[in-house]
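*Asks:*
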Amino acid sequence: MSPKLQPVRGTHDWIGEDYDHFSYLAQKIEEIARRYNYSGLITPIFEHANVFTKNLGEESDIVGKEMYTFEDRGGDLITLRPEGTAPLVRAIISNGMTQNLPLKAFYHGPMFRYERPQGGRTRQFHQFGIECLGIDHPLCDVEVIHMANSVFRELNIDKKITIEINTLGHSEDRERYKKVLVDYLAIYESDLSEDSKRRLTTNPLRILDSKDVMDKEITESAPKLHDVLDRDSLLYFEKVCEGLERLAVPFVVNQRLVRGLDYYSHTAFEFTTTLLGAQGAVGAGGRYNGLVEQMGGSQLAGVGWALGIERLLALSDITLPSKPLIAIIPLDSSCDEEAFFLAQKLRECSSHHIEVALSGNASKRMKRADKLGATHAILLDKSEMAHNMYVMRNMLTKEQKLIPHSQIVRALIELN
Ligand code: HAM
Numbered sequence: 000m001s002p003k004l005q006p007v008r009g010t011h012d013w014i015g016e017d018y019d020h021f022s023y024l025a026q027k028i029e030e031i032a033r034r035y036n037y038s039g040l041i042t043p044i045f046e047h048a049n050v051f052t053k054n055l056g057e058e059s060d061i062v063g064k065e066m067y068t069f070e071d072r073g074g075d076l077i078t079l080r081p082e083g084t085a086p087l088v089r090a091i092i093s094n095g096m097t098q099n100l101p102l103k104a105f106y107h108g109p110m111f112r113y114e115r116p117q118g119g120r121t122r123q124f125h126q127f128g129i130e131c132l133g134i135d136h137p138l139c140d141v142e143v144i145h146m147a148n149s150v151f152r153e154l155n156i157d158k159k160i161t162i163e164i165n166t167l168g169h170s171e172d173r174e175r176y177k178k179v180l181v182d183y184l185a186i187y188e189s190d191l192s193e194d195s196k197r198r199l200t201t202n203p204l205r206i207l208d209s210k211d212v213m214d215k216e217i218t219e220s221a222p223k224l225h226d227v228l229d230r231d232s233l234l235y236f237e238k239v240c241e242g243l244e245r246l247a248v249p250f251v252v253n254q255r256l257v258r259g260l261d262y263y264s265h266t267a268f269e270f271t272t273t274l275l276g277a278q279g280a281v282g283a284g285g286r287y288n289g290l291v292e293q294m295g296g297s298q299l300a301g302v303g304w305a306l307g308i309e310r311l312l313a314l315s316d317i318t319l320p321s322k323p324l325i326a327i328i329p330l331d332s333s334c335d336e337e338a339f340f341l342a343q344k345l346r347e348c349s350s351h352h353i354e355v356a357l358s359g360n361a362s363k364r365m366k367r368a369d370k371l372g373a374t375h376a377i378l379l380d381k382s383e384m385a386h387n388m389y390v391m392r393n394m395l396t397k398e399q400k401l402i403p404h405s406q407i408v409r410a411l412i413e414l415n
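Quick note on numbering: numbering that gives the first Met the number 0 labels position 250 of the sequence shown as 249, and the sequence is numbered without any gaps.
(1) How about residue 188: is its C-beta nearer than 8 Å to some C-beta of chain B?
(2) Give me the Cβ distance between residue 345 and residue 374, rounded to the nearest whole Å; I'm assuming they're in contact under 8 Å.
(3) Can you check DSSP and say which residues form a bridge with residue 103?
(4) By how many angstroms is the C-alpha of residue 311 removed from the C-alpha of residue 158?
(5) Okay, do the stretch 220-236 and the stretch 89-99 touch, 3+ Cβ pairs below 8 Å being the bar?
(6) For residue 263, write down the residues that DSSP places opposite it in a beta bridge.
(7) Report all residues from its chain with a CB closer than 6 Å to the CB of residue 137; omit the five preceding and five following residues, and keep chain order.
(8) Out of 264, 156 and 103, point me to the one whose CA is closest to residue 174's CA.
(9) What residues match up with residue 79 in a beta bridge as DSSP calls it?
(10) Run the CB neighbour count on residue 302, radius 10 Å, all protein chains shown included, and call it buried at 16 or more, exposed below.
(11) What residues are listed by DSSP as bridge partners for residue 121?
(12) Is residue 403 helix, strand or coil when you go by DSSP?
(13) Provide the residue(s) that pair with residue 176 in DSSP beta bridges, ordered along the chain.
(14) Can you grab the Cα-Cα spacing for the pair residue 278 / residue 309, in whole Å?
(15) If you draw a straight line from the C-alpha of residue 390 to the C-alpha of residue 368, how long is it?
(16) I need the straight-line Cα distance from residue 366 to residue 377, nearest angstrom please.
(17) Can you tell me which of 129, 298 and 62 puts its alpha carbon nearest to the alpha carbon of residue 285?
(18) List the DSSP bridge partners of residue 389.
(19) Starting from residue 376, trace the beta strand (DSSP E) both ways and give me its first and last residue.
(20) On the DSSP bridge assignment, give the partners of residue 38 in chain order.
(21) Return helix, strand or coil for residue 285, following the three-state DSSP convention.
(22) Identify whether residue 165 lies in helix, strand or coil by the three-state DSSP scheme.
(23) Between the stretch 155-170 and the stretch 247-265, can you find at least three pairs of beta-carbon atoms closer than 8 Å?
(24) Count the other CB atoms, across all protein chains shown, that sit within 10 Å of the CB of residue 251; report buried if there are 16 or more and exposed otherwise.
(25) Can you tell me whether residue 348 is buried or exposed? The criterion is at least 16 other CB atoms within 10 Å of its CB, across all chains shown.
(26) Check each candidate in 145, 79, 103 and 153 and name the one with the smallest Cα separation from residue 124.
(27) Going by DSSP, name the residue or residues bridged to residue 354.
(28) How would you write the range of the alpha helix (DSSP H) that residue 301 sits in, first residue to last?
(29) Considering only residues of the same chain and omitting the five flanking positions on each side of residue 60, which have a CB-CB separation below 7 Å?
(30) Please go through the same chain and pick out, in chain order, the residues whose beta-carbon is closer than 8 Å to the beta-carbon of residue 27, but skip the five residues on each side of it.
(31) Flag this pair as yes or no: are the beta carbons of residue 126 and residue 307 separated by less than 8 Å?
(32) Using 8 Å for Cβ pairs, my map puts residue 248 next to residue 148. What's the rounded Cβ distance?
(33) Would residue 47 be called buried (16 or more neighbouring beta carbons within 10 Å of its own) or exposed?
(34) Indicate, with yes or no, if the ligand HAM has a heavy atom lying under 7 Å from the CB of residue 126.
(35) By DSSP, does residue 269 sit in helix, in strand, or in coil?
(36) Which residues bound the alpha helix (DSSP H) around residue 242?
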């Protein structure tokens with residue numbers, strides 16, 4: 000026997016209720032984003048590789064080891080998008096949209112990262128993201144965090160999530176801090192993990208983010224970024240914190256939060272939970288004031304976040320209202336055609352979900368309608384059809400009544 004056909008490791012299929020919850024969640028977040036006057040934008044799921052290699056940071060895990068990159072048949076180097084911010088910025092530059100500001104866009108769709116799959120971490124996963132370009136104002140950061148908090152509140156998961164925020168200052172702040180940090184870490188170099196030893200020269204800030212126990216112990220007493228921030232950066236961060244307090248958005252300041260992507264400056268944040276094991280980040284984001292210019296556009300401020308849809312779903316308890324299902328059941332095959340055309344007509348004039356049973360004998364058709372959860376059935380049999388009548392059956396009470404053909408649409412609408 001041939002081996003069972005399996006999906007690619009780290010991917011999965013969305014079937015039945017999983018699909019319904021997924022689509023409900025995306026719609027719900029979209030509805031919230033529209034309340035903040037964001038509009039939707041879809042970018043391709045693959046881009047020229049340099050959209051990511053040049054902009055996410057050579058030392059980032061994504062660029063270093065997680066991208067799905069391949070040469071296509073025309074010789075172009077292509078990457079399946081690992082995240083949505085760089086593609087969105089690419090799209091607004093390509094479409095000449097940097098004059099029409101501010102630009103507030105949401106997107107959702109699959110992202111791809113070659114990570115080791117485990118609970119809550121897959122190689123194809125889905126994000127819902129928002130990006131706000133063209134407003135360099137702390138209140139804009141407050142608004143995007145407030146929007147994320149609205150998502151959590153309306154999904155009833157806000158108690159399960161902590162909003163952690165930090166500031167990374169501007170680039171001069173970070174350069175100053177890197178020197179101070181490297182001087183401190185150099186003393187402990189031999190005790191650092193191999194990754195962190197390498198990062199000492201390539202990207203020392205990321206060492207603060209290390210999960211290694213010894214690294215964590217060493218960085219615990221490292222000098223803090225906030226101690227070297229200039230006055231403007233501190234003031235900016237204070238305004239963000241004040242705004243959140245005023246809106247009663249709960250948050251904690253985490254000075255170790257540095258984010259794994261290079262494009263951030265000033266505000267950075269993560270939405271974390273302790274309920275999903277090792278994969279505790281439900282979403283993350285921050286300000287990226289240099290990215291648009293770095294990608295070839297004008298000097299434009301930006302801020303946004305992306306939520307992991309699978310992780311949000313794992314935290315949410317979604318119950319969807321079920322729409323009544325009506326089964327159209329020909330009790331003998333001579334009524335099949337009549338049933339089929341009746342079903343199409345009813346779909347055109349009512350919003351009920353309608354299933355027409357064409358396979359098996361009458362008893363199989365009835366059983367299947369029951370199994371599907373039909374609330375009512377319209378039965379067609381030869382003798383009643385001769386009198387221009389259908390039989391409407393309540394599948395729960397088993398009650399039946401005769402309905403003239405001319406009255407069936409009205410009878411169906413009255414079922415609401
Ligand atoms: P990120 O932190 O790389 O940020 O990803 C955002 C979220 O995507 C994570 O918090 C997590 O919920 C989800 N996620 C990431 N990797 C996986 C995975 N392998 N399996 C399941 N879920 C995953 C970004 O992508 C930035 N573009 C966010 C942003 C938008 N910054 C500014 N604007």
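C-beta: ideal position from N, C-alpha, C; glycine also.
All values reported here derive from a predicted model rather than from experimental measurement.
*Replies:* Taking the coordinates as given:
(1) Of the chains in the structure shown, none is chain B; there is only one protein chain.
(2) Incorrect: roughly 14 Å between the Cβ atoms, too far for contact.
(3) For residue 103, which the question treats as bridged, DSSP gives the partners 131.
(4) The alpha-carbon atoms of residue 158 and residue 311 are separated by roughly 13 Å.
(5) No, because fewer than three Cβ pairs between the stretch 220-236 and the stretch 89-99 fall closer than 8 Å, the two stretches do not touch.
(6) Residue pairing from DSSP leaves residue 263 without any beta-bridge partner.
(7) The beta carbon of residue 137 is closer than 6 Å to those of 235, 238 and 239 in its chain, skipping five residues each way along the sequence.
(8) Nearest C-alpha to residue 174: 264.
(9) 45 and 67, per the DSSP bridge assignment.
(10) Within 10 angstroms of the beta-carbon of residue 302 lie 16 or more other beta-carbons, which makes it buried.
(11) Bridge partners of residue 121 according to DSSP: none are assigned.
(12) Three-state DSSP puts residue 403 in a strand.
(13) DSSP output for residue 176 lists no bridge partner at all.
(14) Those two C-alpha atoms are separated by around 11 Å.
(15) C-alpha separation (whole angstroms): 15 Å.
(16) Their backbone Cα atoms lie some 14 Å apart in a straight line.
(17) Minimum Cα distance to residue 285 is reached at 129.
(18) Residue pairing by DSSP places residue 389 opposite 402 in a beta bridge.
(19) For residue 376, the enclosing beta strand (DSSP E) begins and ends at 375-379.
(20) Residue 38 is bridged by DSSP to 104.
(21) In this structure, residue 285 counts as strand in the three-state DSSP scheme.
(22) Here residue 165 sits in strand by DSSP.
(23) Between the stretch 247-265 and the stretch 155-170 there are three or more inter-stretch CB-CB distances shorter than 8 Å, so the stretches are counted as touching.
(24) By the neighbour-count criterion, in which 16 or more other beta carbons inside 10 Å mark a residue as buried, residue 251 falls on the exposed side.
(25) Exposed is the call here.
(26) Between residue 124 and the set 145, 79, 103 and 153, the nearest pair of CA atoms involves 79.
(27) Residue 354 is bridged to 326.
(28) No alpha helix (DSSP H) holds residue 301; the beta strand (DSSP E) holding it covers 301-307.
(29) Only 259 meet the Cβ criterion.
(30) The beta carbon of residue 27 is closer than 8 Å to those of 150, 153 and 154 in its chain, skipping five residues each way along the sequence.
(31) Yes, they are a contact pair.
(32) Contact flag correct, Cβ pair sits at about 5 Å.
(33) By the 16-neighbour rule on beta-carbons within 10 angstroms, residue 47 is exposed.
(34) Under cutoff, so the answer is yes.
(35) Of the three classes helix, strand and coil, the one that applies to residue 269 here is strand, per DSSP.
(36) 230-245 is the extent of the alpha helix (DSSP H) around residue 242.
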